[in-house]
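Numbering (the working numbering), first residue to last: -3 to 114. Beta carbons: idealized from backbone N, C-alpha and C, even for Gly. Since the model is a prediction, treat every value here as computed from it, not as a measurement.
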């Protein structure tokens, strides 16, 4: 199952509503990078509210997606990170220090606009 990627102005909005497995995570990575390339988006908000747990591979893919998006000129804001996901990311040594975060999608859009204005 593919994760929908919505375009709003010059931003891409993603709300992950499925349980991520290795295949869906790789598909998401490819879809997002292609969409950034095709649309010329300058910002991406990835909402993780529905993601309760992640494993090491999914955590690595998520970190890679943020880095790859940045290389392509799109700033990423992560929203709705659940406590278990935050703990897993830290335990695995995936530090997203430079990645802006917000509690929800609405705040994520505001944060993205602020980041792009700097």
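From the DSSP output, in three-state form, read off residue i for me.
i: residue 11; result: strand
i: residue 98; result: strand
i: residue 39; result: strand
i: residue -1; result: coil
How far does the alpha helix (DSSP H) with residue i in it extend, from its first residue to its last?
i: residue 47; result: Taken as a continuous stretch (DSSP letters only), residue 47 belongs to no alpha helix (DSSP H), as it is neither H nor E.
i: residue 90; result: No alpha helix (DSSP H) contains residue 90, which DSSP labels as neither H nor E.
i: residue 32; result: 18 to 35
i: residue 54; result: 52 to 67
Under the assumption that residue i contacts residue j (Cβ atoms under 8 Å), give the Cβ distance between them as a whole number of angstroms.
i: residue 9; j: residue 41; result: 5 Å
i: residue 73; j: residue 28; result: Not quite, the Cβ-Cβ distance comes to about 14 Å (not below 8 Å), so this is no contact.
i: residue 110; j: residue 75; result: About 14 Å; that fails the 8 Å criterion.
i: residue 46; j: residue 3; result: Between residue 3 and residue 46 the Cβ distance is about 21 Å, and since that is not below 8 Å, they are no contact.
Once the 5 residues before and after residue i are set aside, which same chain residues still bring their CB inside 7 Å of it?
i: residue 59; result: 90 and 92
i: residue 33; result: 68
i: residue 87; result: none
i: residue 64; result: 29
i: residue 55; result: 84, 85, 88 and 90
i: residue 98; result: 73, 75, 104 and 107
Once the 5 residues before and after residue i are set aside, which same chain residues still bring their CB inside 8 Å of it?
i: residue 38; result: 6, 7, 69, 70, 71 and 112
i: residue 1; result: 8, 9, 10, 27, 28 and 31
Tell me which same chain residues have a C-beta within less than 6 Å of the C-beta of residue i, skipping the five on either side of it?
i: residue 18; result: 53
i: residue -3; result: 14
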